[in-house]
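Trainee: I'd like to ask some things about the structure below.
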Amino acid sequence: MPALPETGDRIAKLLARAGVASRREVERMIADGRVAVDGKVLDTPAIKLESLKGVTVDGNAVAAPEAPRLFAFHKPSGLITAERDPAGRPTIYTALRNALPKNTPRLMPVGRLDFTTEGLLLLTNDGELKRAMELPASGVPRTYRARAFGDVSQAQLDDLMEGVTIDGVRYGSIEADLERGSGRNRWIEMTLTEGKNREVRRVLEHLGLKVNRLLRTAYGPFELADLPRGQAVEIRQSDVERFRKSLKRGR
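Residue numbers for the sequence shown follow full-length UniProt numbering, so the first one is 1 and each next one is one higher.
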């Protein structure tokens, strides 16, 4: 194999951009001997390439990366955010087969929503964009509406701005507002930037509340709005590019 260039991008980044997998997953694939350049199996991800010409994964040529695309999906309750479930439960891809237009590229979910959590789930063909949006350091806000049973005051919710530690896990600043209403079953809007596993539920349970419905309404500048449950729509390319640039500048 000819000498590889020292310029360009690392191969894991290029493959992530091409939608093969996330950068970390690509590095595992390289370690497993699944990636080759001009027929030579790679044993390290520390290689830079100008393009994916001659690159194969599992013996199959990798297509040139498409422009980054982003889709909004209104995830119903009762779907797993995964390609398959060992327990046989339906996944988001079951619903997406009917919700997405034909010839849509392979899409990866940006973050996850629990089995019973509804609302906005973003999907992209770009592994780099996915990773950047998920990283807590990027500070991308996620907004949820939670219906919770129990007693809580706005003052208690305001204290969440300082962060909270639950069972040894530190949760960062959360903006939470108790919506108007009466009774012990109330809606609470919460905006956070870390997106740790089951963060909203755990924080509200820590306050003595029982969450009986959870809906994500926004992720960054992208909103669920009136997108019907189970449907998906592509976000305009200009909006995706504007958002990508804002991530690169830092938030």
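No residue lacks a Cβ here, since even glycine has one placed at the ideal position from N, Cα and C.
Does the Cβ of aspartate 239 have 16 or more other Cβ atoms within 10 Å, making it buried, or fewer, making it exposed?
Mentor: The residue labelled residue 239 in the question sits at position 239 within the sequence shown. Under this definition aspartate 239 is an exposed residue.
Trainee: Spatial neighbours of tyrosine 93 within its chain, please: CB distance less than 7 Å, with the 5 preceding and 5 following residues excluded, ordered by chain position.
Mentor: For the purposes of this step, residue 93 is taken as residue 93 along the sequence shown, with counting starting at 1. Excluding residues within five positions, the ones whose Cβ falls inside 7 Å are Glu83.
Trainee: In whole angstroms, what separates the C-alpha of valine 211 from that of aspartate 114?
Mentor: Mapped onto the sequence shown, residue 211 falls at position 211. Mapped onto the sequence shown, residue 114 falls at position 114. Going from the Cα of valine 211 to the Cα of aspartate 114 covers about 13 Å.
Trainee: Between which residues of its own chain and glycine 208 is the CB-CB distance below 6 Å, once the five residues before and five after are set aside?
Mentor: Locating residue 208 in the sequence shown gives position 208, counting from the first residue. Excluding residues within five positions, the ones whose Cβ falls inside 6 Å are Gly150.
Trainee: Taking contact to mean 3 or more Cβ pairs, one atom from each stretch, closer than 8 Å, check whether the region 11 to 31 and the region 126 to 143 are in contact.
Mentor: In short, these stretches touch, since the Cβ pair count reaches three.
Trainee: Can you find at least 3 beta carbon pairs, one from the region 98 to 112 and one from the region 158 to 177, that sit closer than 8 Å?
Mentor: Taking 8 Å as the limit for Cβ pairs, the verdict is that the region 158 to 177 does not touch the region 98 to 112.
Trainee: Check the C-beta distance from leucine 204 over to alanine 155 and give it rounded, since I have them as a contact under 8 Å.
Mentor: Working through the sequence shown from its first residue, we reach residue 204 at position 204. Working through the sequence shown from its first residue, we reach residue 155 at position 155. About 15 Å; that fails the 8 Å criterion.
Trainee: Can you tell me whether glutamate 50 is buried or exposed? The criterion is at least 16 other CB atoms within 10 Å of its CB, across all chains shown.
Mentor: Here the question's residue 50 lines up with position 50 in the sequence shown. By the neighbour-count rule (16 or more Cβ atoms within 10 Å), glutamate 50 is not buried but exposed.
Trainee: Going by C-alpha to C-alpha distance, which of Ala16, Pro90 and Leu135 sits closest to threonine 116?
Mentor: As a first step, residue 116 is located in the sequence shown; it is residue number 116 there, counting from the start. Checked all of Ala16, Pro90 and Leu135; the closest Cα to threonine 116 is Pro90.
Trainee: Looking only at its chain, what residues have a beta carbon closer than 6 Å to the beta carbon of threonine 143, apart from the 5 residues adjacent to it on each side?
Mentor: In the sequence shown, the residue the question calls residue 143 occupies position 143. The answer, listed in chain order, is Thr191, Thr217 and Ala218.
Trainee: To which residues does DSSP link aspartate 177 through a beta bridge?
Mentor: Counting from 1 along the sequence shown, the entry for residue 177 is found at position 177. Per DSSP, Glu189.
Trainee: Alpha carbon to alpha carbon, what distance is there between proline 65 and glutamine 237?
Mentor: The residue given as residue 237 occupies position 237 in the sequence shown. The residue given as residue 65 occupies position 65 in the sequence shown. Approximately 15 Å between the Cα atoms of the pair.
Trainee: Is DSSP giving valine 211 helix, strand or coil here?
Mentor: One-based indexing of the sequence shown puts residue 211 at position 211. Three-state DSSP puts valine 211 in a strand.
Trainee: Figure out for me which residue from Arg242, Pro141 and Val152 has the closest Cα to the Cα of glycine 183.
Mentor: If you number the sequence shown from 1, residue 183 lands on position 183. Nearest C-alpha to glycine 183: Val152.
Trainee: Would you identify the three-state DSSP class for aspartate 85, choosing helix, strand or coil?
Mentor: Indexing the sequence shown from 1 puts residue 85 at position 85. It is coil, neither helix nor strand.
Trainee: Enumerate, from N- to C-terminal direction, the unbroken alpha helix (DSSP H) stretches of 4 or more residues contained entirely within the UniProt domain "RNA-binding S4" (9 to 68).
Mentor: Segments of the alpha helix (DSSP H) lying fully in the UniProt domain "RNA-binding S4" (9 to 68): 11 to 17 and 23 to 31.
Trainee: On a CA-only basis, which of Leu52, Lys53 and Ile30 is nearest leucine 42? Give me that one, please.
Mentor: Taking the first residue of the sequence shown as 1, we reach residue 42 at position 42. Comparing alpha-carbon positions, the option among Leu52, Lys53 and Ile30 lying closest to leucine 42 turns out to be Ile30.
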